[in-house]
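Undergrad:
In this note's numbering, the protein residues as written are 674 to 1199.
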């Protein structure tokens, strides 16, 4: 594993982002001296990541709340569907996470141990277009869900809804109705988080759209409104676009912080943190506030949480020495046990060549057996070693840069010869399609290939390069560059990802596999 992005400056300050990784729509709570974060996971599984921290700056990925998505269809990739914008809360000894699935409804999953096993998800309210759900347990014994609406499913957006739920949080107890309309002043308002302080109900919500929006606060003495509104965080003169959607969290000494995302295109929605103060019962976020509306900071004094934690980093890459797949990995859809093995060959990840799509000419976009991990720094080299000696006819194994479109390098067996292939996606009349170009026929007896992707800072921005090598020479001068003519990009709601795969390009499985010895990811200087 390689340690890549460092937020903790080790001088009492931190640098935004605190997580240079696609932890979209983050929500955070404090329980005792530990902070817990979760985020959207969409169609990727396992889902609902659980990260922990003691100081709000150094975070570790520790668990997932759901192993797979049990609803129909998710054994295949359901791009841009699945788990949207969760809220995590601690209530009467349980950790609760509520999340919307735009085609199914609002769900809840809970546990007494956030780092242990979570109970099966419960459907709290069925319905299309119900998203971004946040629970609230009031002092008077009533409980509610406040949520957003997805126009793509229900026909409208820019509204927030509310419905009552049971005290145990398992079911709706009344009808859903509109709580707030933002069409005139807060277009695309969504992602609400609910808090109560000094007799006010506060709804923290993003508005204005993902890439260029702002953070708005609604407040009222009555949870059903009417609500006053105030914009409290925007880009201003900073370089941080669209600073919004996230969590208000406090420290043991009463200081408060706002953790939110920034849309960074191919990198996804990376995580920032802003200081919070209060004026006239309104929160003021970030720095350089004008009329109570601040802008994001880059460097700031670390939160005083009472605990000094050693800097820790999100890991990327793997040497496959563990008996379990590392937490940094997620499948494109629900996995099956026969997709892989870490036991058949010690120190290798064996990916079996499968066609879970069921189609005669499958493409990676439609296959759940693609194992992916997030990008965790701006510029990097990712290199994989794969043993391809066990491939059979029409089978391939390789590495992919997955996003709005994707490109891959793979070794494919065709008419008894192993051939290095460059594959790329493109949009056809019937949706995503794929084309492949043969680069070379491997020498007889070649058992391993080395595949390298790089994203480098160049005059025209982040530029993708890909290479291959037939030896283990780590000197870039020995690599052969492939003219991929490919620009990685984000997909709907998610950033690009690096993936490993083994599949077939026909409809008959022959039992072959690729053995991956490692994936190394190294940061490049910007």
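Backbone N, C-alpha and C fix where the C-beta goes; we use that ideal spot for every residue, glycine too. Owing to the predicted nature of the structure, the values given are computational and were not obtained by experimental measurement.
(1) In the DSSP assignment, the alpha helix (DSSP H) including residue 827 goes from what residue to what residue?
(2) Could you name each continuous beta strand (DSSP E) segment of 3 residues or more that falls completely within the segment 916-985, going from the start of the chain to the end?
(3) Rounded to whole angstroms, how far is the Cβ of residue 691 from the Cβ of residue 945, which I believe are closer than 8 Å?
(4) If you run the structure through DSSP and keep just helix, strand and coil, what is residue 1151?
(5) Given this structure, state the Cα-to-Cα distance separating residue 689 from residue 970, to the nearest angstrom.
(6) Between which residues of its own chain and residue 1141 is the CB-CB distance below 8 Å, once the five residues before and five after are set aside?
(7) Which value, in whole angstroms, describes the spacing of the CA atoms of residue 808 and residue 760?
(8) Quick check on this structure: which residue in 950, 753, 972 has the alpha carbon closest to the alpha carbon of residue 962?
(9) Please report how far the alpha carbon of residue 1056 lies from the alpha carbon of residue 1020, in whole angstroms.
(10) Does the segment 1162-1174 come into contact with the segment 1070-1081, if we say contact requires no fewer than three beta-carbon pairs (one atom in each stretch) closer than 8 Å?
(11) Between residue 674 and the rest of its own chain, which residues show a CB-CB distance below 6 Å, the 5 nearest in sequence each way excluded?
(12) So within the segment 753-783, which uninterrupted beta strand (DSSP E) runs reach at least 3 residues, ignoring any that extend past its ends?
(13) Is it buried or exposed for residue 799, if we count other Cβ within 10 angstroms and need 16 for buried?
(14) Under the rule that 16 or more other beta-carbon atoms within 10 Å means buried, what is residue 1003, buried or exposed?
(15) Is it true that the CB of residue 698 sits closer than 7 Å to the CB of residue 980?
(16) Are residue 865 and residue 906 close, meaning C-beta to C-beta below 7 Å?
(17) Helix, strand or coil: how does DSSP classify residue 744 here?
(18) Roughly how many angstroms lie between the CA atoms of residue 1099 and residue 941, to the nearest whole one?
(19) What are the residues that DSSP puts in a beta bridge with residue 991?
(20) Kindly give me the distance between the Cβ atoms of residue 1028 and residue 1180, rounded to whole angstroms, as I take these residues to be in contact under 8 Å.
(21) Provide the residue span of the beta strand (DSSP E) that contains residue 851, from first to last.
(22) Following the continuous beta strand (DSSP E) through residue 1104, name the residue where it begins and the one where it ends.
TA: For this structure:
(1) 824-827
(2) Whole beta strand (DSSP E) segments, 3+ residues: 917-923, 929-936, 942-952, 955-958, 960-963, 966-968, 972-974.
(3) Taking C-beta atoms under 8 Å as the contact rule, residue 691 and residue 945 qualify, at a distance of about 7 Å.
(4) helix
(5) 7 Å
(6) 1082, 1093, 1112, 1122, 1123, 1124, 1125, 1152, 1153, 1155
(7) 7 Å
(8) 950
(9) When only Cα atoms are considered, residue 1056 and residue 1020 end up about 16 Å apart.
(10) yes
(11) The predicted position of residue 674 is uncertain, since its pLDDT is 41 and thus under 50; a value taken from the coordinates is nonetheless stated next. Taking C-beta separations shorter than 6 Å and ignoring five residues to either side along the sequence, the partners of residue 674 in its chain run 988, 990, following chain order.
(12) DSSP runs (the beta strand (DSSP E)) wholly in the segment 753-783: 757-764, 767-774.
(13) exposed
(14) buried
(15) no
(16) Contact flag unset, no.
(17) coil
(18) 21 Å
(19) 1192
(20) 6 Å
(21) Looking at the DSSP string, the run of the beta strand (DSSP E) that includes residue 851 is 850-854.
(22) Start and end: 1104-1114.
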